[in-house]
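J.: Throughout the sequence shown, residue numbering follows the numbering used here, covering 93 to 358 in sequence.
Each residue gets a CB set at the ideal place from its N, CA and C atoms; glycine is no exception.
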Amino acid sequence: MNPNYWQKQSKPLFENLTWNIPEQKQGIIALIGGNSQNFRTIERTASHLANNFPLKSVEIVLPDSLEKKLPPLENFHFMPSTTSGSFANSTKFTKFCSASPNAESASVILLGDFSKNAETATALTEFIKRTPNPIYATRDTIDLITEDATGWIEQSNINLIASMAQLQKLFKAIYFPKMLLLSSPLLPIIEALHKFTLSYPCTITTFHEGQIITAHDGNIVTTPIKNTKYSPISLWNGTLTANIATMNLFSPEKTLEASAAAIYLD
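#1: Sorted by chain position, which residues of the same chain lie with C-beta nearer than 8 Å to Ser323's C-beta, five sequence neighbours on each side aside?
#2: Helix or strand or just coil, what does DSSP make of Pro316?
#3: For the alpha helix (DSSP H) containing Phe263, list its first residue and its last residue.
#4: Classify Glu211 as helix, strand or coil using the three-state DSSP reduction.
#5: Compute the beta-carbon to beta-carbon distance between Arg231 and Gly204, rounded to the nearest angstrom, for a pair I have assumed lies under 8 Å.
#6: Looking only at its chain, what residues have a beta carbon closer than 7 Å to the beta carbon of Leu236, apart from the 5 residues adjacent to it on each side?
#7: Do you know how far the Cα of Thr133 is from the Cα of Ser326?
#8: Can you give the Cα-Cα distance for Asn311 and Asn225, rounded to whole angstroms?
#9: Who does Ala307 pair with in a DSSP beta bridge?
#10: So what's Thr230 in DSSP terms, helix, strand or just coil?
#11: CB Val150 to CB Ile124, shorter than 8 Å?
#12: To the nearest angstrom, report how far apart Ala191 and His169 are at their CA atoms.
#13: Comparing alpha-carbon positions, which option in Pro114, Met171, Ser178 lies nearest Lys184?
#14: With 16 other CB atoms within 10 Å as the buried threshold, where does Ser102 fall?
#15: Where does Gly176 sit, in a helix, a strand or coil, going by DSSP?
#16: For Asn144, which of helix, strand or coil comes out of DSSP?
#17: Quick one, which of Ala257, Lys100, Gly330, Ser178 has its alpha-carbon nearest Gln303's?
#18: Compute the distance between the beta-carbons of Gly177 and Lys148, then report whether it is under 8 Å.
#19: What whole-angstrom Cβ distance do Leu272 and Gln260 have, given they're in contact under 8 Å?
#20: Check the C-beta distance from Ala265 over to Ala241 and give it rounded, since I have them as a contact under 8 Å.
#21: Can you round the beta-carbon distance between Ser343 and Leu162 to whole angstroms, since I take them to be within the 8 Å contact cut?
#22: Secondary structure at Asn194, three-state DSSP: helix, strand or coil?
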């Protein structure tokens, strides 16, 4: 069975979108994450973006617990932190888009690598609710914002790069009637994501049964991971999220296609 909403991408289906990558620099991406013990994933993702895409700027937003540990750099922004060194629930953080001159015009916001504590979870969910920019959430961001998912799941600017286990918790959190079972074969998962993205305007990228799955507006594209440069572990290192976000920045009216095309970017 191959429903008409499901495309199988054994080789690039949307290579034409790579022609939409401009030659001149445009767009600002803000990366938000880190804690007093770790910000290396954010740093690596920022380096990947700066070295591989024609962006005007890549802004890095960290908790101020890291400020004394880093040299002063123009594209670094520091927000109030908790006593444990993660992001605090502060007015400055939740209103970041207007508080920071560069982030005010940020085209895209990437969220990832936070400490798992209640105050940071509140800060993140409040930030998401107040931010109109396209938001790409991955890694432990998904875990932190799931409990309050009913507060943001109706927003059309949300893009989730999440594991199946994280999506299972999300479905439960919003009482979605179709459950995700990690032991399910591929087709029931495809059907569930089809129905979920018909009900909610978010875009989802996940992995199951050897397939990278992209879902938006009820439509699905699956890509065999064996045909890509990724492994089930490297999917979550920040590179894929950065590629998806940037391809959508350059092709904003082609959400599903841009997200699927990003999987084959070098």
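T.: Judging by the given coordinates:
#1: Ile317
#2: strand
#3: 256-265
#4: helix
#5: 4 Å
#6: Phe206, Lys208, Thr212, Ala213, Leu216
#7: 12 Å
#8: 23 Å
#9: Ile296, Ile312
#10: strand
#11: no
#12: Because the pLDDT at Ala191 is just 43, under 50, the model does not fix this residue reliably, and the point stays unresolved.
#13: Met171
#14: exposed
#15: It is worth fixing the name first, because residue 176 is Ser in this sequence and not Gly. Coil at Ser176, not helix or strand.
#16: helix
#17: Lys100
#18: no
#19: 4 Å
#20: 5 Å
#21: With a Cβ gap of about 34 Å, Ser343 and Leu162 do not count as contacting.
#22: Because Asn194 sits at a pLDDT of 49, beneath the cut-off of 50, its placement in the model cannot be relied upon, and the following sentence gives the value as read from the coordinates. It is helical.
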